[in-house]
Amino acid sequence: MKTSPGELLVLPSARARLGAPGRFRMSAKCLTGAAQYRSTWPGKVTLLVDLADTDSTDMDIVEFDPRELPTGFEVRPAGRAELAHRLAASAVVLAHLSRREAALASLCAGGAVPLAYVAEYSLETEHQIIDSETRNPLLRWRRKLWANRTERMRIAALRQATGLQCSGTPTHESYAPHCQRTLLFFDNRVPIASVVRVEDLEDRLQTLASPGPLRLLYGGRLIAMKGVLDLPLVARALLDRGVDFTLTVHGSGPLAARLLDLAARLGLGERFRLRGPLDFESGWLPTLRREVDLFVCCHPQGDPSSTYPEVMSCGVPIVGYDNRALRGIVTHSGAGFTTPLGNVQALADRIAQLALDRATIATAARQSRRFAGDHAFENTYARRVAHLLECADAESPRPR
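According to numbering that gives the first Met the number 0, the sequence shown is numbered sequentially starting from 0.
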């Protein structure tokens, strides 16, 4: 495979907003990913971003001067002709598989520019999110109709695209048949150097083997699509089963007050603790490495949460609902535990079993670490760039 010295043009789904004069505000995760492309791609890398009037809901918004970035940074042209002209100057275009970006397929095909899409949500996952967030049945129907129409646009775009990168197994299972060059990856921002050391993991597993409460944790946005209101119900069911445990929740979001109220009404006391979000490097990862035995995940839908491999990089096994994304990463890693979707009692039963069988938790912890090391940040992006280089060197895509 030959390398291409041309430009990788990245059109992220995340938007930026204007900050202080000459500065912008945007998700740090997006900028970190672009910088990692730059460390491996043999030519120039440029972010081509949309502007928004407000910050996104991401918890890692940072303000920056584009001149200080290792990549190029440009505001996306508004007009179709101007955008087509900008795309034509690149070696490969990388964009989110969405309704908005479906038109890129014809623009890139018309200019003979290789286009690779990144897929994060399958149609099934989008329907699950709609069900979790929408109570009005008419509105739910309308939103699903919109999603179904968008799906047809996505598949049509894929048939013109050069390549596809699938974040998690649900999108790979759904979209791989529609594109010639498809890569499955597990989104992960933990570098190799931050994967828990074997000796530190073994120290924590010695604590796990000794008598004491099972240390359970959940972290993420406190929103309906993450199933967080099931967490106090699981805790109550564990109390009813006589399990000695603590469940700590780290995060913020619109359901925080309801979560605390539900925990109080269920009489959870100090067993259930709600804490704010932690800084990823200085708080979140050290907490997982040292203080957690099991990560409890009540996600009702199969979004490709980067939380899964990030938690596993700390040698922490996941126990949670059998959504397609968690099921897929458990199958690929050989680590973790799944129970039927939405069944609080079954999830509590599985945790209660593991509380009595801590050697099984330890085995899953070691396997989680091994899998996460293979899919660490640098390794994942190296595979993604290799795939993009294949796309850059490919002939024009043939419809499937």
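The beta-carbon is built from N, C-alpha and C at its ideal position, and this holds for glycine as well. If you're wondering where the values come from, they're calculated on a predicted model, not measured in any experiment.
Judging by CA-CA distance, which residue of the options is the nearest neighbour of residue i?
i      : options                           : result
Leu47  : Glu100, Ala19, Asp57 and Gly18    : Glu100
Val112 : Leu103, Glu119 and Arg134         : Leu103
Val195 : Asp57, Leu68 and Glu280           : Glu280
Arg148 : His126, Gly162 and Leu163         : His126
Glu123 : Arg323, Asp356 and Asp229         : Arg323
Gly341 : Gln352, Gly319, Gly327 and Thr330 : Gly319
Thr362 : Val197, Leu265, Pro20 and Ala375  : Val197
Leu261 : Val329, Pro76, Trp140 and Leu232  : Leu232
Ala371 : Ser193, Thr70, Ala27 and Pro76    : Ser193
His331 : Met311, Lys143, Tyr120 and Ile129 : Met311
Ala87  : Leu114, Arg98 and Pro69           : Leu114
Tyr116 : Leu237, Val189 and Cys178         : Cys178
Leu267 : Asp356, Asp239 and Ala94          : Asp239
Arg289 : Leu216, Arg220 and Gln344         : Leu216
Glu377 : Tyr36, Val44 and Gly5             : Tyr36
Leu259 : Leu230, Pro285 and Leu284         : Leu230
Pro316 : Ser121, Leu207 and Leu388         : Leu207
Ala358 : Glu201, Arg369 and Ala156         : Glu201
Ser121 : Asn135, Thr133, Lys143 and Glu132 : Lys143
By how many angstroms is the C-alpha of residue j removed from the C-alpha of residue i?
i      : j      : result
Arg14  : Leu30  : 11 Å
Leu137 : Phe294 : 36 Å
Arg151 : Arg158 : 11 Å
Met25  : Pro11  : 11 Å
Met0   : Pro41  : Low per-residue confidence applies at Met0: pLDDT is 42, beneath 50, and the placement is therefore not dependable enough to give any value.
Ile407 : Ala80  : Residue coverage of the chain in this structure runs from 0 to 399, which leaves residue 407 outside it and unanswerable.
Asp392 : Ser89  : 13 Å
Leu346 : Pro339 : 8 Å
Pro176 : Gly18  : 42 Å
Ala108 : Pro65  : 30 Å
Trp145 : Glu172 : 22 Å
Cys390 : Gly162 : 6 Å
Ala63  : Arg22  : Sequence check: residue 63 is Phe here, not Ala. So the alpha carbons of these two residues sit roughly 5 Å apart.
Thr56  : Ala160 : 30 Å
Ser367 : Asp199 : 14 Å
Gly327 : Ala334 : 11 Å
Leu237 : Arg264 : 16 Å
His84  : Ser105 : 13 Å
Tyr174 : Thr45  : 27 Å
Ala375 : Thr306 : 13 Å
Pro20  : Glu67  : 14 Å
Gly110 : Arg141 : 36 Å
Pro308 : Val189 : 8 Å
Arg16  : Arg98  : 22 Å
Gly257 : Leu353 : The residue asked about is misnamed: residue 257 is Arg in this sequence, not Gly. Cα to Cα, the separation comes out at about 29 Å.
Gly71  : Arg180 : 27 Å
Ser131 : Gly5   : 43 Å
Asp348 : Asp373 : 31 Å
Pro76  : Leu355 : 59 Å
Ala156 : Thr53  : 30 Å
Asn135 : Thr379 : 40 Å
Ala234 : Val74  : 47 Å
Thr133 : Arg272 : 28 Å
Asp321 : Gly78  : 44 Å
Lys43  : Arg369 : 33 Å
If contacts are defined as beta-carbon pairs under 8 Å, then residue i and residue j qualify, I think. What distance do you get, rounded to the angstrom?
i      : j      : result
Val61  : Ala33  : At roughly 13 Å, the Cβ-Cβ gap does not stay under 8 Å, so Val61 and Ala33 are not in contact.
Leu287 : Cys313 : 4 Å
Asp292 : Ile360 : 6 Å
Leu204 : Ala364 : 6 Å
Leu96  : Ala118 : 4 Å
Val91  : Leu7   : 5 Å
Ile154 : Arg139 : Going by Cβ atoms, the distance from Ile154 to Arg139 rounds to 23 Å, so no, they are not a contact pair.
Arg270 : Val248 : Rounded, the Cβ-Cβ distance is 12 Å, inconsistent with contact.
Val329 : Thr337 : 6 Å
Ala27  : Asp49  : Between Asp49 and Ala27 the Cβ distance is about 17 Å, and since that is not below 8 Å, they are no contact.
Leu325 : Cys297 : About 10 Å; that fails the 8 Å criterion.
Arg218 : Trp283 : Sequence check: residue 218 is Gly here, not Arg. 7 Å between Cβ atoms; contact.
Leu388 : Leu93  : About 12 Å; that fails the 8 Å criterion.
For this session: Kindly provide the ranges of any alpha helix (DSSP H) runs that are 4 or more residues long and lie completely inside the segment 39-112, ordered along the chain.
Result: 79-87 and 103-109
Exercise. What are the complete beta strand (DSSP E) segments, minimum 3 residues, inside the segment 194-268?
Worked result: 213-218 and 244-249
Exercise. Taking the runs of the alpha helix (DSSP H) that are 4 residues or longer, which of them lie wholly in the segment 256-342?
Worked result: 284-290, 306-312 and 323-332
Problem set entry | Within the segment 136-182, ranges of the alpha helix (DSSP H) (whole runs, at least 4 residues) | 136-157 and 168-174
Exercise. Counting Cβ pairs, one atom from each stretch, are 3 or more of them under 8 Å apart for the segment 218-231 and the segment 299-315?
Worked result: yes
Exercise. With a cut-off of 8 Å, do at least 3 Cβ pairs link the segment 246-257 to the segment 165-179?
Worked result: no
Exercise. Is the segment 378-389 close to the segment 179-188, with three or more CB pairs under 8 Å?
Worked result: yes
Exercise. For the 8 Å Cβ check, are there 3 or more pairs between the segment 204-212 and the segment 233-248?
Worked result: yes
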